[in-house]
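End of the sequence shown sits at 374 in this note's numbering; the numbers just go up one at a time, nothing left out. Note that the Cβ used here is the ideal one computed from N, Cα and C, for glycine as well. Owing to the predicted nature of the structure, the values given are computational and were not obtained by experimental measurement. Below is one structure; the comments refer to it alone.
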Amino acid sequence: MASFWDYVSSSALSLTVSGNTGISPFLTLLLLGVVENADPNLLNMGGTMEAILASWYSIAVLSILTLLEVIGKCIPAVDEIIDSVEVFVVPVISIFGTLGTLGVFDLVTNAFGGEENSGEMMIPMDQEGQRMLGDAGSTFLTVWKVILVLWGIGLALLIHFFKMIIRISGLVCCLGCCQPCITVLEITAVCCGVIFAIFIRPIAIAFCVIFLIAAAYTIYVKCSTKKGDEDVPDGNITTTSGNEQPKPSPAASEQPDENPGDAPQDVENPPPELEDNYDHYNSDLESFPPPLAPSSAPSEVMYTGMTPIPPPPASNPNYVADFETPVAIAVPIEEGDKQKSLPEEKTKRKSNARSNSNSSNEKDEKKNNSAIVY
């Protein structure tokens, strides 16, 4: 069973590197290049990947990009721009990171080519006692490498979104003061994750499990946010039976009736399609207040709205209701007198005020003239 765990640890190493590219892509590739340049037997990169990641030119370029990335992520406004751009960069970087670790599978396969078959794995043997991986073994290994590359792309994106959630939370809680601390934690996590996963394979399995849990949490958060956005703004009305009915738009409710003459005149026996409307209309009428009781004082209530104002008290028969926005106006009348309306009363008051002002002006002019004569 040792060979099975070798495959598991090698797969965990590839996924761990892919997850670290979601946190800091350029730093992850820089660490892979430095390790390969120091000891080529650890990752067993091919000639192409070794030239891309482990050459001195690549290490110099990756060092500059890593330095710029670290400095930019310490600035609250710039780190959001970097994270938005890295959404398109992380998938490509994760491909290079995964391809840089696939050479460990060749080391595991070469380890199976020992002198004897332990019987733990059913490997076909030829007549001379030599192991034969054959086309089936190589095909399975190739397919599994392709699966790891695709899996690494998705894992890197999810870890990158998880990092963005953490950074946004720190920005909201601390107003950007925690961004340098979060950047230092990211660098520490990437360095420890990549180096320990390469040298200690069981730790690679632990880091892989942590990344998978973080990816699952990111999927849960994204799905919950999307579900909440779909439930809130639709404006549908949910009835007691659980059926949703679309809410009528204001334009449709304010649209006038094109043919008002076609409305049914029989209120007691409305058509079936309008029974609900008449039921609502009747229930609204029942909610109105009852009519006023007759009063001993002679008065008249003039209705300008749905809610009347009660008549004046008997102790003040000359009471006149005067409001800026009256709902109903009660004007008492006396026997033999004509009914007074509110506009007439206001006009009378205005005319009295004007006459009083004119008389006061005339008195002032007379005083001035008398002063001039003397």
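- Scanning its chain for C-beta atoms nearer than 7 Å, with the 5 sequence neighbours on each side dropped, one finds around G33 the residues L53, A54, S58, I59 and L62, in chain order.
- When the beta-carbon positions are compared, F162 and Y217 come within less than 8 Å of each other.
- DSSP places A51 in the uninterrupted alpha helix (DSSP H) bounded by G47 to L53.
- A contact between stretches requires three or more CB pairs, one per stretch, nearer than 8 Å, and the segment 32-50 meets this requirement with the segment 193-202.
- Secondary structure at D39: coil, using DSSP grouped into helix, strand and coil.
- Here DSSP, grouped into helix, strand and coil, assigns I75 to coil.
- If you check the CB distance, T28 and V184 do not come in under 8 Å.
- Contact between the segment 69-84 and the segment 9-20 is absent: fewer than three C-beta pairs spanning the two stretches fall below 8 Å.
- Cβ-Cβ separation between S24 and T101: approximately 17 Å, too far for a contact (criterion under 8 Å).
- Linking L171 to M164 through their CA atoms gives a straight-line distance of about 10 Å.
- Here DSSP, grouped into helix, strand and coil, assigns N20 to helix.
- Shown here for P91: same chain residues with a beta carbon closer than 7 Å to its own, the five before and five after excluded, namely I153, A156 and L157 in chain order.
- Here V104 is buried. Its C-beta has 16 or more other C-beta atoms within 10 Å.
- In the DSSP annotation of this structure, the continuous segment of the alpha helix (DSSP H) that includes I198 starts and ends at Q179 to F199.
- Remark: C-beta atoms of D83 and R167 approach each other more closely than 8 Å.
- Rounded to the nearest angstrom, the Cβ distance from S9 to P202 is 7 Å, consistent with a contact under 8 Å.
- Secondary structure of L102 (DSSP, three-state): coil.
- Per DSSP, reduced to three states, the secondary structure at L212 is helical.
- Straight across, the Cα-Cα distance linking V143 with I81 is about 36 Å.
- Around the beta carbon of V209, a 10 Å sphere encloses fewer than 16 other beta carbons of the protein chains shown; the residue is thus reported as exposed.
- L15 carries a helical assignment under DSSP once its states are collapsed to helix, strand and coil.
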